[in-house]
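Each remark here refers to the structure printed beneath this line.
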Amino acid sequence: MSTKMIDVIGGARPNFIKLAALFAVRKKFPRLRLRFIHTGQHYDFSMSDIFIKQLDLPQPAHHLNVGSGSHAVQTAEIMKRYEEWIQRDRADMCMVVGDVNSTIACALTAAKAGIQVAHVEAGLRSFDRSMPEEINRLLTDSISDHLFATEPAGVKNLKKEGHGAGQVHLVGNVMVDTLFRLRPKAKRLCAYKKFGVAPHQYAYLTLHRPSNVDDPKHLGQILKHLIQTARQIPIIFPVHPRTQKCLKTAGLHQLLKHCKGLKLTAPLGYLESLSLMIESKFVVTDSGGIQEETTALKVPCLTLRQNTERPITIERGTNTLIKGNWDLFHKRVDDILHERNAKKIKGIPYWDGKSAERILSIISRHMH
Ligand code: UD1
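For reference, each letter of the sequence shown is one residue, going 25 to 392 in our numbering.
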């Protein structure tokens, strides 16, 4: 049987964490040649290079260097440059992960060129089309040949949308594969020491969704509540570039300067971030991946969103969806601080560190 070339697409920070799981096991599948294509959607050292290094990813086989732009510009530019690449050096399959602009851009380009598309993390739905990621998820799944779901809800959504059973595979979560692989290394870092706090005596915060940060009034409201919480427990807050820009535009930096409990820092590497999550009392976030990572780590998570495309983190994990209900938020914080009403964790099928192996083994069987 001949070897098969697979372009594995990574563009934004969460993509690299998922790809790393696939590259970590690729040697077990010598017939599949994985080639890392970096779109350049995220380009700062702190958003890209440090991840490639810490996750033991190979250097990209090709870099599209697209950079920032509006959704249409960024998506179009990735498509244009990825098409040029496949015209020069065609792969047998294009594998995309997650739901960012790079995901739909490369999937669409490959599908039109007659290249098979595999989507890792397929079927997740927030049912909220005001999220750019929801549009990316719907479109990517509709043109993918192989759909790899992380949780049963994903399989259900895909079947409802008409995908055949042979196309859809429940394989678990590659992000959790990477987390299990690098947890010991992250734990040894004790990243909390740099912030002058003790283990389990601080909270960890990430915030970057357009619906939370783009509107200055809404962002100000969120910060007001977080400042209140920071009086009870220090909060470590690595600031995403989008949020950094919004804080500046909204003139909110002053407000944060005077709050001693809120410890702002530049975006962190994967290991530092994981280290801080492991030792935190709880996490506050609007990220998709962190809802899953906290569930895998059994750390309580308060999600500042109206909905989640990852319902299993609520049903069986540690996640609570806040939906703009700040009374609920403060009550959950009090519960956690006083160790009341802890959420019980049930195991999640296939979140066992072996998802990437399942994916490559299915692909290997399908590609003759
Ligand atoms: C993107 C993804 C989102 C994911 C997030 C993780 C889409 C639609 N969104 O959102 O799903 O959760 O990444 O971080 O694909 N910027 C920098 N340096 C960088 C990267 C970005 O300064 O290295 C700036 C850009 O100029 C832009 C802003 O940050 O103004 C947002 O970047 P962008 O990639 O458009 O979207 P994210 O908000 O990061």
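The C-beta atom is built at its ideal place from N, Cα and C for all residues, glycine as well.
- Taking 4 residues as the minimum length, the alpha helix (DSSP H) runs contained wholly in the region 298-345 are 312-321 and 336-339, in order along the chain.
- Under the criterion of beta carbons closer than 8 angstroms, Ile30 and Asp123 do not qualify as touching, at roughly 20 angstroms.
- Three or more beta-carbon pairs drawn from the region 290-297 and the region 204-212 are found closer than 8 angstroms, and the two stretches are therefore classed as touching.
- Within the region 158-206, the complete beta strand (DSSP E) segments of 3 residues or longer fall at 170-173 and 192-194, listed in chain order.
- Per DSSP, Leu132 is one residue of the alpha helix (DSSP H) stretching across Asn125 to Lys136.
- Look at Leu288 here: in three-state DSSP terms it is strand.
- For Leu79 against Phe53, the beta-carbon gap comes to about 19 angstroms, at or over 8 angstroms, which does not count as contact.
- For Pro258, the three-state secondary structure derived from DSSP is coil.
- Across the structure, Thr27 and Cys118 are spaced so that their CA atoms are roughly 15 angstroms apart.
- For Cys118, the three-state secondary structure derived from DSSP is strand.
- Classified as buried, Val237 has 16 or more neighbouring CB atoms from the shown chains inside 10 Å of its CB.
- Between the alpha carbons of Glu381 and Met199 lies a distance of about 13 angstroms.
- Comparing alpha-carbon positions, the option among Leu326, Gly34 and Lys347 lying closest to Thr127 turns out to be Gly34.
- By a beta-carbon distance limit of 8 angstroms, Ala274 does not contact Pro234. Their separation comes to about 14 angstroms.
- One alpha carbon belongs to Glu145, the other to Phe151, and they sit about 16 angstroms apart.
- The count of Cβ pairs closer than 8 angstroms, one atom from the region 209-218 and one from the region 189-197, stays below three, leaving the stretches out of contact.
- Residues Leu194, Val195 and Gly196 of the same chain have their beta carbon placed closer than 7 angstroms to that of Tyr374, with the five preceding and five following residues left out of the count.
- Close CB contacts of Gly371 within its chain, under the 8 angstroms cut and outside five residues either way in sequence, are with Arg340 (chain order).
- Residue environment: Arg153 is assigned as exposed (fewer than 16 neighbouring CB atoms within 10 Å of its CB, all protein chains considered).
- Our two residues, Lys183 and Leu286, have alpha carbons roughly 44 angstroms apart in a direct line.
- Counting only residues of its own chain and dropping the five nearest sequence neighbours on each side, Ala45 has a CB closer than 8 angstroms to the CB of Val198, Met199, Asp201, Thr202, Arg205, Ser379 and Ala380.
- Here DSSP, grouped into helix, strand and coil, assigns Ile372 to coil.
- One Cα belongs to Gln140, the other to Pro258, and the distance between them is close to 48 angstroms.
- Using a 10 angstroms sphere on the CB of His277, the tally of other CB atoms stays under 16, which defines it as exposed.
- The beta carbon of Leu352 sits closer than 8 angstroms to the beta carbons of Thr344 and Ile346 from its chain, once the five residues preceding and following it are set aside; these are given in chain order.
- Met25 and Tyr106 have their C-alpha atoms roughly 28 angstroms apart.
- Met103 is a Cβ neighbour of Ala129, given a cutoff of 8 angstroms.
- Tyr216 sits in a helix when the DSSP states are folded into three classes.
- Taking the Cα positions, Arg50 is about 11 angstroms away from Arg59.
- Cβ-Cβ distances below 7 angstroms link Val90 to Thr63, Gly64, Gln65, Gln98, Glu101, Ile102 and Arg105 in the same chain, with the five nearest sequence neighbours on each side left out; the list follows chain order.
- Two segments are said to touch when three or more pairs of C-beta atoms, one from each, lie closer than 8 angstroms; by this definition the region 307-327 touches the region 218-230.
- For Ala142, the closest alpha carbon among the candidates Ala135, Lys281, Glu158 and Ser168 is that of Ser168.
- Exclusion of the five residues before and after Pro223 leaves Tyr216 and Glu303 as the residues of its chain whose Cβ lies within less than 7 angstroms of its Cβ.
- Non-local beta-carbon contacts of Met301 in its own chain, meaning distances under 7 angstroms to residues more than five positions away in sequence, involve Tyr228, Val307, Glu317, Thr318, Leu321 and Val323 in chain order.
- Leaving aside the five residues that flank Gly178 on each side, the residues in its chain whose CB is nearer than 7 angstroms to its CB run, in chain order, Ala146, Gly147 and Leu148.
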